[in-house]
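K.L.:
In this note's numbering, the protein residues as written are 2 to 581.
Ideal placement from N, C-alpha and C gives every residue a C-beta, glycine not left out.
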């Protein structure tokens, strides 16, 4: 490695090792993204339920195929939909409630960080987290969650009337004319945890027993064209069905559900120990933390399973649904039953999710590097409380990491110093035993032992740093705290690539400067050219499509490396020992 930078010291053997280590690290980064992508490549959109091309999958996907479940009836007599109440959660979010089945119609996030952006990157109004799907929809979106009441095995449409409304609470009522079952829904907000509690009370006002069952449907519509993403830039609107049961966490994107529905050995239904389930995107989630009330959860594809009118589904869209069965029974005349279904709709923030339900934090996909990513996020959040700028938080995290890894850096320089000291003797041995490779290796090992030098120890510190790079990469693109996080000037979203490629180009220039500061004694012209231009260009090319927050980290880390190069290197590097 060079004098505190990325590319190695002045002697050719050390530079070769560093070149190999850097190339290997880049290969690992690319290989990891290819072998373990955040979102698999998206297949063509699933045909809507009932078409011959998807008859098998549609049969498997219909909730009616499960014993005791209720089939949605999108073709039933339409009800004139209208918004009958809007509940505001203290500026954090607000929801619209419709008369049609007494369900939620919209769920908007009002906090500035999540608001939609105009062409200049400025906040332009609430972020529509949940909205109905229409034929004009262009981006993927969460659909309104349903708390479904089945009556004698059917999902009957109801025109609910407002009974009372006060602050963040509304009560609605509807009575089924055929059975006399009165359904009362009370929706109330949990402002601190992005929650809406739906209390359902059933009363049999008729003269005959009535069978009922309850279910929660968490749904999303994915635009398969925008859900593909790229190697280094996972999409924002690719959706997954998620379910927590016991100690296991099931996470299945659209393609995985489609494959599982065709494979009898790959389950999409989970019966034991379900505590919460929902649908999930990169930064947001709509779920139902129902606890012990859940009997099972199941994943489906297609509009029929979601209770969506197929004509409202645009081309190349796939509807994905997680259905939570909440049980049922039979009500005798005059009997009542009551149950509350909690809903969550908001950002995937660790503290908020854990406050609502500790295991909901599993929805944040830090992957293999979670043990490093979570502490990094905690440090950045702590810094942010004092300096409310996520770019500055990343910079200070970089400084902290550099200080913590200073012992590794010292070890690296010490190894480089030892290798430089014996370099003339190594060259003499190579010339003397150029025709006897075995003898050359023996003499080289003896030389290393005599001078207490390990030729691989210079590579080790950089390889140990690679998990930190990977962990920060996962942190930046998985942590909603950095979603649309403004740094300064043109960097309006640290979770996205630099829109003008300024920071990657500056990083490449800095790397060129860094290699020019290295001594070139004993290095041939071809190797000098590779170290001077090829490696910086390769790294800059990789940085073009990585989150700008990660580029800021690497840029600052490189600057700090130059500072170390101008201080520690000169103090520690001895003059070479002449060959005998």
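1. Going by DSSP in three states, residue 401 sits in which element: helix, strand or coil?
2. Residue 160 and residue 80 look like a contact to me (Cβ under 8 Å); what is the Cβ gap, rounded to whole Å?
3. Name the two residues that bound the continuous alpha helix (DSSP H) containing residue 385.
4. Report yes if the C-beta distance between residue 192 and residue 102 is below 8 Å; otherwise report no.
5. Residue 491 by DSSP, collapsed to three states: which one?
6. Quick one: measure Cβ to Cβ for residue 492 and residue 560, integer angstroms, because I've assumed they're closer than 8 Å.
7. What residue range is occupied by the uninterrupted alpha helix (DSSP H) comprising residue 540?
8. Is it the case that the Cβ atoms of residue 110 and residue 171 are separated by a distance below 8 Å?
9. Tell me, please, which residues DSSP counts as bridged to residue 345.
10. To the nearest angstrom, how far is the alpha carbon of residue 65 from that of residue 538?
11. Quick check: the stretch 316 to 333 against the stretch 298 to 307, are there 3 or more CB pairs under 8 Å?
12. Restricting to Cα atoms, I'd like to know which of 454, 563 and 432 is closest to residue 412.
13. Is it right to say residue 91 is buried, meaning 16 or more other beta carbons lie within 10 angstroms of its own, or is it exposed?
14. Run through the stretch 256 to 289 for me and flag every whole beta strand (DSSP E) of 3 or more residues, listed as ranges in chain order.
15. Report the residue from 98, 340 and 93 whose alpha carbon sits nearest the alpha carbon of residue 82.
16. Going by DSSP, what residue range makes up the beta strand (DSSP E) through residue 352?
17. Should residue 243 and residue 279 be called a contact, given that it needs their Cβ atoms to be closer than 8 Å?
18. Tell me where the beta strand (DSSP E) around residue 106 begins and ends.
19. Assuming the contact rule is C-beta atoms closer than 8 Å, residue 195 and residue 353 should be a hit. Round their C-beta distance to whole Å, please.
20. Report the option in 313, 514 and 507 whose CA atom is closest to the CA atom of residue 544.
21. With a threshold of 16 other CB atoms inside 10 Å of the CB of residue 386, please say whether the residue is buried or exposed.
22. Hey, would you say residue 141 sits closer than 8 Å to residue 224, going by beta carbons?
23. Going by Cα to Cα distance, which pick from 237, 180, 173 and 106 is closest to residue 201?
24. Ordered along the chain, which non-local residues of its own chain (more than five positions away) have a Cβ less than 8 Å from that of residue 282?
25. Starting from residue 449 and walking both ways along the alpha helix (DSSP H), at which residues does that stretch end?
26. Assuming residue 253 is part of the beta strand (DSSP E), what are its boundary residues?
27. Cβ of residue 212 within 8 Å of Cβ of residue 122?
28. Report all residues from its chain with a CB closer than 6 Å to the CB of residue 403; omit the five preceding and five following residues, and keep chain order.
29. Okay, do the stretch 461 to 480 and the stretch 391 to 410 touch, 3+ Cβ pairs below 8 Å being the bar?
30. For residue 253, count the other beta carbons within 10 Å of its own beta carbon; 16 or more makes it buried, fewer makes it exposed. Which is it?
31. Tell me the DSSP bridge mates of residue 166?
32. Under three-state DSSP, which class holds residue 419?
33. At what residues does the beta strand (DSSP E) containing residue 146 begin and finish?
34. Going by beta carbon distance, what residues of the same chain come within less than 7 Å of residue 135, once the five residues before and after it are set aside?
35. With C-beta atoms as the reference, is residue 214 less than 8 Å away from residue 346?
36. When the Cα of residue 361 is compared with those of 391, 209 and 247, which residue comes out closest?
P.N.:
If we stick to the structure as given:
1. The residue labelled residue 401 in the question sits at position 400 within the chain shown. Residue 401: helix per DSSP, three-state reduction.
2. Here the question's residue 160 lines up with position 159 in the chain shown. Here the question's residue 80 lines up with position 79 in the chain shown. That pair is a contact at about 5 Å.
3. For the purposes of this step, residue 385 is identified with residue 384 of the chain shown, where counting begins at 1. Unbroken alpha helix (DSSP H) run through residue 385: 371 to 387.
4. Locating residue 192 in the chain shown gives position 191, counting from the first residue. Locating residue 102 in the chain shown gives position 101, counting from the first residue. Not a contact, by the Cβ cut-off of 8 Å.
5. In the chain shown, residue 491 corresponds to position 490, counting from 1. Note: residue 491 maps to coil in three-state DSSP.
6. Indexing the chain shown from 1 puts residue 492 at position 491. Indexing the chain shown from 1 puts residue 560 at position 559. Actually they are not in contact, since the Cβ atoms of residue 492 and residue 560 sit about 17 Å apart, beyond 8 Å.
7. Your numbering for residue 540 matches position 539 in the chain shown. Element bounds for residue 540: 536 to 544.
8. Counting from one through the chain shown, the residue named residue 110 turns up at place 109. Counting from one through the chain shown, the residue named residue 171 turns up at place 170. No; because the gap between Cβ atoms is not below 8 Å, this pair is not in contact.
9. For the purposes of this step, residue 345 is identified with residue 344 of the chain shown, where counting begins at 1. Its beta-bridge partners are 196 and 288.
10. As a working mapping, residue 65 is identified with position 64 in the chain shown. As a working mapping, residue 538 is identified with position 537 in the chain shown. Summary for residue 65: the model assigns pLDDT 41, below 50, so the residue's position carries little reliability; its value from the coordinates is reported in the next sentence. Approximately 57 Å, taken between the alpha carbons.
11. yes
12. By one-based count along the chain shown, residue 412 stands at place 411. The shortest C-alpha separation from residue 412 is found at 454.
13. One-based indexing of the chain shown puts residue 91 at position 90. With fewer than 16 Cβ atoms within 10 Å of its Cβ, residue 91 is classed as exposed.
14. 275 to 281 and 285 to 289
15. Taking the first residue of the chain shown as 1, we reach residue 82 at position 81. Among 98, 340 and 93, the Cα nearest to that of residue 82 belongs to 98.
16. The sequence position of residue 352 within the chain shown is 351, counting from 1. Run containing residue 352: none in the beta strand (DSSP E); it sits in the alpha helix (DSSP H), 351 to 357.
17. Residue mapping note: residue 243 aligns to position 242 of the chain shown, counting from 1. Residue mapping note: residue 279 aligns to position 278 of the chain shown, counting from 1. Yes, Cβ-Cβ distance for residue 243 and residue 279 is below 8 Å.
18. Here residue 106 refers to the residue found at position 105 of the chain shown. From DSSP, the beta strand (DSSP E) with residue 106 extends over 105 to 110.
19. The residue you call residue 195 lines up with position 194 of the chain shown. The residue you call residue 353 lines up with position 352 of the chain shown. The Cβ separation is near 7 Å, so the contact holds.
20. Position 543 of the chain shown, counted from the start, is the residue given in the question as residue 544. Closest option to residue 544, Cα to Cα, is 507.
21. For the purposes of this step, residue 386 is taken as the residue at position 385 of the chain shown. That one is exposed.
22. As a first step, residue 141 is located in the chain shown; it is residue number 140 there, counting from the start. As a first step, residue 224 is located in the chain shown; it is residue number 223 there, counting from the start. Closer than 8 Å, so yes.
23. Counting from 1 along the chain shown, the entry for residue 201 is found at position 200. If we check each option's Cα against that of residue 201, 173 comes out closest.
24. Residue 282 sits at position 281 when you count from the first residue of the chain shown. Excluding residues within five positions, the ones whose Cβ falls inside 8 Å are 141, 143, 221, 237, 238, 239, 240 and 241.
25. Here residue 449 refers to the residue found at position 448 of the chain shown. Unbroken alpha helix (DSSP H) run through residue 449: 438 to 451.
26. Stepping through the chain shown from its first residue, residue 253 is reached at position 252. Unbroken beta strand (DSSP E) run through residue 253: 249 to 254.
27. Taking the first residue of the chain shown as position 1, residue 212 is located at position 211. Taking the first residue of the chain shown as position 1, residue 122 is located at position 121. Result no, Cβ atoms of residue 212 and residue 122 do not sit closer than 8 Å.
28. Residue mapping note: residue 403 aligns to position 402 of the chain shown, counting from 1. The residues are 561.
29. yes
30. Indexing the chain shown from 1 puts residue 253 at position 252. So residue 253 counts as buried.
31. For the purposes of this step, residue 166 is taken as residue 165 along the chain shown, with counting starting at 1. For residue 166, which the question treats as bridged, DSSP gives the partners 171.
32. Counted from its first residue, the chain shown places residue 419 at position 418. Residue 419 falls in the helix class under three-state DSSP.
33. Locating residue 146 in the chain shown gives position 145, where the first residue counts as 1. Where residue 146 is concerned, the enclosing beta strand (DSSP E) stretches over 142 to 152.
34. On the chain shown, residue 135 is found 134 positions in, with the first residue counted as 1. For residue 135, where only same-chain residues beyond five positions count, the Cβ hits under 7 Å are 313.
35. The sequence position of residue 214 within the chain shown is 213, counting from 1. The sequence position of residue 346 within the chain shown is 345, counting from 1. No, these two residues do not count as a Cβ contact at 8 Å.
36. As a working mapping, residue 361 is identified with position 360 in the chain shown. If we check each option's Cα against that of residue 361, 247 comes out closest.
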